[in-house]
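Below is one structure, written out as structure tokens; the observations come after it.
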Amino acid sequence: MASSNFAYFSLFLFLSSILFAFQVSSTSRHVVINNHSKKGFKVSLKHVDSGGNFTKSERLQRAMARGRSRLQRLSLVANSFASLSSKDDDSNNNVKSTIHAGNGEFLMQISIGSPSESYNAIMDTGSDLVWTQCKPCKECFDQSTPIFDPSKSSTFEKISCSNKLCEALPMSSCGDSNCEYMYTYGDYSSSEGFLASETFTFGEVSIPNVAFGCGNDNEGSGFSQGAGLVGLGRGPLSLVSQLHMSRFSYCLTSINEDADSTSSTLLMGSIAHDDYNNIITTPLVKNPTQPSFYYLSLQGISVGDTQLPINKSTFSLNKDGTGGMIIDSGTTITYLEESAFSLLKKVFSSKVNLPVDDSSSTGLDLCFKLPSNTNHIEIPKLIFHFEGADMDLPADNYMIADSSMGIACLAMGSSRGMSIFGNVQQQNMMVIHDLDEETLSFAPTQCDKL
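Terminal number for the sequence shown in the numbering used here: 450, no gaps in between.
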């Protein structure tokens with residue numbers, strides 16, 4: 001019998017399931033347009049690799065490549081502030097705020113215009129701007145749906161330079177009294193065009209006058225999975241801020257073999273309630289230099305009965321805006337500051353009675369060789385100690401396995417400076433953002449049953 005410091009990890013939950021396709025289902029909730037800010041709406045999400053017909057190893061390689069790219073983007077965004085600290089403050093503010101995270105792991109289906117046209121857009125909790133590609137294109141990347149044509153919509157309007165949302169753009173200019181923008185991401189991909197307003201439809205819910213970037217000069221391979229991006233950050237341009245919905249949540253489906261028949265979910269507005277059983281809540285931390293990110297206060301980590309001797313300042317947010325930990329739906333695995341990950345790796349390895357596999361091609365830092373003819377292995381519990389909330393992670397939220405490769409791996413890696421709490425660790429939990437209370441809550445949830 002395993003002690004309370006150990007968890008069982010079942011091997012029928014294969015690595016491929018993490019990256020399996022999430023199918024879109026018609027689960028949107030009908031609300032009256034004029035009352036949308038009180039009730040909200042529900043949108044189904046699908047994974048960016050949905051329908052790609054990839055092998056297990058290909059899914060892993062693609063996910064890890066996106067994860068490393070995302071980490072680099074987010075780190076560049078945050079660390080750009082420190083690297084420019086020798087310049088004057090005004091110059092810093094102008095330059096620092098022009099780089100954003102971009103990219104992501106999940107797509108949400110939206111419709112734009114009147115009559116409406118459907119698009120899949122990347123859901124991004126690490127940036128603000130909502131944008132799509134628009135005709136006529138100077139340069140546009142390939143997308144699976146036709147590019148939005150403003151001339152065919154009766155509700156399309158350009159936004160003037162005097163509009164406060166134009167003033168909120170990090171880089172803007174005036175052309176024929178219209179607000180023109182350029183939004184640059186961490187890998188130097190970008191969207192450039194003009195700011196406009198349009199009717200957006202989420203399922204059966206149509207919302208007028210949503211400000212968005214109508215991009216006619218767009219570069220970057222990271223956006224080709226969709227037709228643009230929906231920013232869910234904390235800044236004034238994000239969908240969350242524009243709709244004055246102080247609460248939203250998402251629930252990412254569990255690892256299971258039947259992922260084709262399941263979908264993840266995004267809830268906006270008051271339907272993103274917090275009356276779940278076993279809910280834990282921790283404060284959101286503000287970073288004045290990066291106001292869009294959702295920062296958490298991670299105070300420690302325990303492996304089994306051992307609390308790691310991590311320096312208290314390891315996950316602290318520094319005065320120059322560097323460091324800290326963000327929660328991010330667009331990063332596959334959790335990345336911990338390298339000194340903390342080194343401790344975690346050492347202690348975790350010592351508590352797993354399996355040989356380490358140093359030859360793994362998964363891209364993960366710690367893998368173990370699986371014994372033959374076994375249905376489960378014993379692994380230590382992993383607890384994240386957030387301020388006011390101890391998260392005892394289910395084993396499936398930090399171990400991933402592939403029986404065909406004969407390995408089981410810890411779904412975490414190392415970073416420098418910023419740490420990121422990734423989406424594998426969030427699966428099968430309702431993750432509730434409450435911007436009025438400045439809190440973030442986790443509630444165990446069977447996400448495929450929503």
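Beta carbons are placed, not taken as given, at the ideal position from N, Cα and C, and that holds for glycine.
Query, Result
"As assigned by DSSP and simplified to three states, the class of residue 31", "Confidence is the limiting factor: at residue 31 the pLDDT is only 32, short of 50, which leaves the residue's position unreliable and the question unanswerable from this model."
"Completely contained beta strand (DSSP E) runs for the region 224-271, where each covers 3 or more residues", "228-231, 247-251 and 264-268"
"The beta strand (DSSP E) enclosing residue 370, as first and last residue numbers", "Residue 370 -> no beta strand (DSSP E), and no H or E assigned at all."
"In DSSP terms, what residue 380 is bridged to", "6"
"For residue 348, the three-state DSSP class (helix, strand or coil)", "helix"
"Span of the beta strand (DSSP E), counted from its first residue to its last, around residue 179", "178-185"
"Between the CA atoms of residue 181 and residue 163 - distance to the nearest angstrom", "13 Å"
"Residue environment, residue 65, which counts as buried when at least 16 other CB atoms sit within 10 Å", "exposed"
"Per-residue DSSP class, three states only, for residue 293", "coil"
"CB contact flag (residue 69, residue 416, <8 Å)", "no"
"Host beta strand (DSSP E) of residue 174 (start-end)", "172-175"
"Exposure label - residue 240; buried when at least 16 CB within 10 Å", "buried"
"Under 8 Å between C-beta atoms of residue 9 and residue 408", "yes"
"Beta-carbon proximity list for residue 198, same chain, < 7 Å, skipping 5 on both sides", "112, 113, 153, 155, 156, 210 and 212"
"Cut-off 7 Å between Cβ atoms - residues of its own chain near residue 347, not counting five sequence neighbours on either side", "303, 306 and 308"
"Sheet register partners of residue 395 (DSSP bridge)", "Its beta-bridge partners do not exist; DSSP assigns none."
"The region 279-296 contacting the region 366-380, beta-carbon criterion three pairs below 8 Å", "no"
"Span separating the alpha-carbon of residue 414 from that of residue 427", "20 Å"
"Whole-number beta carbon distance between residue 141 and residue 47, since they are thought to touch under 8 Å", "About 20 Å separates the two Cβ atoms, so there is no contact after all."
"Cutoff 8 Å; reference residue 230; Cβ partners in own chain excluding five residues on either side", "108, 110, 121, 122, 123, 124, 130 and 239"
"Three-state class that DSSP yields for residue 92 in the structure shown", "Bear in mind that a pLDDT of 38 at residue 92, under 50, signals an unreliable position, so the model cannot answer this."
"When 235, 358, 432 and 253 are compared against residue 327, the one with the closest alpha-carbon", "432"
"C-alpha gap between residue 178 and residue 159, whole angstroms", "6 Å"
"Pairwise C-alpha distance: residue 374 and residue 33", "Unreliable placement is indicated for residue 33, whose pLDDT of 41 sits below 50; no coordinate value is reported for it."
"Cβ pair residue 71, residue 398 closer than 8 Å", "no"
"8 Å Cβ cutoff met for residue 193 and residue 161", "no"
"Span separating the alpha-carbon of residue 300 from that of residue 126", "24 Å"
"Distance between beta carbons of residue 447 and residue 252, contact taken as under 8 Å", "6 Å"
"C-beta contact flag for residue 265 and residue 450 at 8 Å", "yes"
"Buried or exposed (CB count within 10 angstroms, at least 16 for buried), residue 218", "buried"
"From 5, 7, 6 and 45, residue whose alpha carbon lies closest to that of residue 250", "45"
"Residue 41 and residue 202 closer than 8 Å at C-beta", "yes"
"Three-state secondary structure (DSSP) of residue 118", "strand"
"Check whether residue 389 and residue 280 have beta carbons under 8 Å apart", "yes"
"Residue 208 - DSSP class collapsed to helix/strand/coil", "strand"
"With 16 other Cβ atoms within 10 Å as the buried cut-off, status of residue 322", "buried"
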